[in-house]
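Engineer: Can you keep this structure in mind? I'll have questions shortly.
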Amino acid sequence: MAARILGPDQISQAANMLRAGKLVAFPTDTVYGVASIPTAWAEQEPANLAGQEIELGHDPDSVYLRKFKGGRRELFSLHCGSVQGALTFTSPRTHAEVRVLQALAPTGVTVVVRWHSRSLGVRVVQHPLGSAFLEACEVPALATSANLHGQPPLNDPAAIAQLPGLDAVLDGGVLPARPASTVVRLLPAGLQVLRRGAVDDDALARAFTRDLQFVCLGNLNRSAFAAGLVAAMQQWLAQRVAGFVPAWRVRSCGIIANPQAKVPPEMLSAALLHGVDLSGHVPTRFAGGGPADELDIAMGDDAAAAVETVAQGEVANLHVPDPMGGPPAAYQAAAQAITMRLHFEVMHEWAPQPAKEGPGRDQADAELESEFRRKFLAGARS
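Here it is, written out as structure tokens:
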């Protein structure tokens with residue numbers, strides 16, 4: 049029996065059907081998707097769902113979608129009608145996660161974020177009808193492409209209505225042929241492109257990669273190390289991760305920097321504990337703020353006032369005391385503080401991808417994460 053085809057004036061009816069556990073196809077800015085509520089509500093009577101909040105749960109899954117796809121074990125993405133909906137349902141833990149969802153999720157990109165013990169793809173649908181439908185649902189909607197396993201996605205509502213197990217199709221017309229969404233996952237200092245699609249790597253970089261400037265007094269210790277650490281992390285990941293897009297265009301400077309000055313031996317030694325080589329560093333004088341979307345980070349109160357006066361974009365302060373002239377332990381303490389504050393306050397935690405692209409992926413991710421932490425974070429924990 050063919051699924052019901054609902055017109056654009058029946059959004060509320062489509063949303064009510066989804067809340068009642070029905071499968072509803074809807075248009076996105078790439079192809080049609082099929083949406084469902086999470087498994088946690090699969091056994092509830094429709095009447096019991098009225099006025100209740102449907103939670104995504106620790107393991108975002110849908111028995112309805114799984115049955116539709118022939119019982120295959122695959123990951124379903126959270127589809128939202130707005131960035132605010134995505135932020136509400138995922139509750140991002142860091143500024144970096146908020147930024148990537150705001151910058152990329154509405155552009156035809158599925159963003160993979162960490163969700164409890166696994167990962168979750170998040171997509172913000174820009175098609176007007178599809179977006180309005182997802183907003184009207186007011187609950188998390190998991191979705192997959194409108195096709196049977198092994199078949200290409202369908203763009204014609206009449207053909208989609210013939211798919212077995214589907215309950216309704218929200219008719220947004222026949223969609224033009226478009227690439228599927230680009231899929232990316234978060235890394236500590238960038239992104240990995242898992243699937244190339246509607247948004248190419250250059251467009252990802254324009255939307256995602258951001259200017260980052262560290263500022264201290266002499267640009268010999270704190271800011272030099274912070275910039276070197278971010279650059280080393282990004283270079284290391286780029287050499288090991290296919291499809292890597294860096295998070296930052298990074299530089300450092302000092303309020304009273306002297307290009308003839310040399311990094312103290314104590315700072316050179318402390319930096320090497322974190323995989324950072326400052327032997328060739330040349331101090332640069334602070335020349336003011338950069339682009340409007342730049343993140344300027346003062347390393348301590350001694351530089352914060354000067355940065356805040358001229359910065360055009362966001363300003364942060366890591367509150368790390370200047371170790372200059374102190375014992376070796378002061379330099380080591382500064383490097384440790386900078387490493388941990390950058391990792392947990394500016395960047396984001398590692399987000400491994402569950403195995404869905406071939407055997408051994410979980411193990412490979414675990415090994416990469418372990419190696420990353422040993423190289424860049426072990427010194428901060430010693």
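Taking the numbering used here, the leading residue of the sequence shown gets 49, the next gets one more, and so forth. Ideal Cβ positions, reconstructed from N, Cα and C, are used throughout, including at glycine. In this text, all values refer to a predicted model and were calculated from it rather than measured experimentally.
Please check the pair GLY247 and VAL355, which I expect to be a contact at CB under 8 Å, by giving their CB distance rounded to whole angstroms.
Structural biologist: First, the amino acid is wrong: residue 247 is Val here, not Gly. About 33 Å; that fails the 8 Å criterion.
Engineer: On a Cα-Cα basis, can you pick out the residue from PRO312, ARG333, VAL278 that is closest to CYS301?
Structural biologist: If we check each option's Cα against that of CYS301, ARG333 comes out closest.
Engineer: For PRO75, which of helix, strand or coil comes out of DSSP?
Structural biologist: Of the three classes helix, strand and coil, the one that applies to PRO75 here is strand, per DSSP.
Engineer: In the DSSP output, what is CYS301 paired with across the bridge?
Structural biologist: The partner list for CYS301 (beta bridge, DSSP) reads VAL263.
Engineer: Buried or exposed: SER193, going by 16 or more other Cβ atoms within 10 Å of its Cβ?
Structural biologist: SER193 is buried by the Cβ-count criterion.
Engineer: For GLN199, which option in VAL324, PHE124, VAL161, PHE116 has the closest C-alpha, if you only look at C-alpha atoms?
Structural biologist: The candidate whose alpha carbon is nearest that of GLN199 is PHE116.
Engineer: Which whole runs of the alpha helix (DSSP H) in the segment 324 to 395 are 4 residues long or more, in chain order?
Structural biologist: Segments of the alpha helix (DSSP H) lying fully in the segment 324 to 395: 349 to 358, 376 to 389.
Engineer: Mapping the DSSP letters down to three states, classify PRO154 as helix, strand or coil.
Structural biologist: The answer is helix: DSSP assigns PRO154 an H, G or I state.
Engineer: Hey, ASP219 and GLY55 are a contact pair by Cβ (cut 8 Å); roughly how many whole angstroms apart?
Structural biologist: Rounded, the Cβ-Cβ distance is 6 Å, consistent with contact.
Engineer: Roughly how many angstroms separate the alpha carbons of GLY361 and LEU343, rounded to a whole number?
Structural biologist: So the two alpha carbons sit approximately 6 Å from each other.
Engineer: Can you tell me whether HIS197 is buried or exposed, with buried defined as 16 or more other CB within 10 angstroms of its CB?
Structural biologist: So HIS197 counts as exposed.
Engineer: What does the Cβ neighbour count give for GLN411, buried or exposed, with the cut at 16 atoms within 10 Å?
Structural biologist: Exposed, by the Cβ-count rule.
Engineer: For ALA191, list the residues DSSP reports as bridge partners.
Structural biologist: ALA83, SER125.
Engineer: Taking only the alpha-carbon atoms, compute the straight-line gap between ALA191 and ALA414 and give it to the nearest angstrom.
Structural biologist: Straight-line Cα distance between these residues: approximately 28 Å.
Engineer: Taking all protein chains shown into account, decide if VAL160 is buried (16 or more other Cβ within 10 angstroms of its Cβ) or exposed.
Structural biologist: Burial call: buried.
Engineer: Going by DSSP, what residues sit across from GLN199 in a beta bridge?
Structural biologist: None; GLN199 has no bridge partner.
Engineer: I believe VAL311 touches ALA280 by the beta-carbon criterion, under 8 Å. Please report the beta-carbon distance rounded to the nearest angstrom.
Structural biologist: The pair is not a contact, with the Cβ atoms about 15 Å apart (cut-off 8 Å).
Engineer: Which whole-angstrom value is the C-beta distance of LEU182 and GLY129, which I expect to be below 8 Å?
Structural biologist: Their Cβ separation, rounded to whole angstroms, is 3 Å, which keeps LEU182 and GLY129 in contact under 8 Å.
Engineer: Between which residues of its own chain and ARG120 is the CB-CB distance below 8 Å, once the five residues before and five after are set aside?
Structural biologist: Contacts found: ARG114, HIS197.
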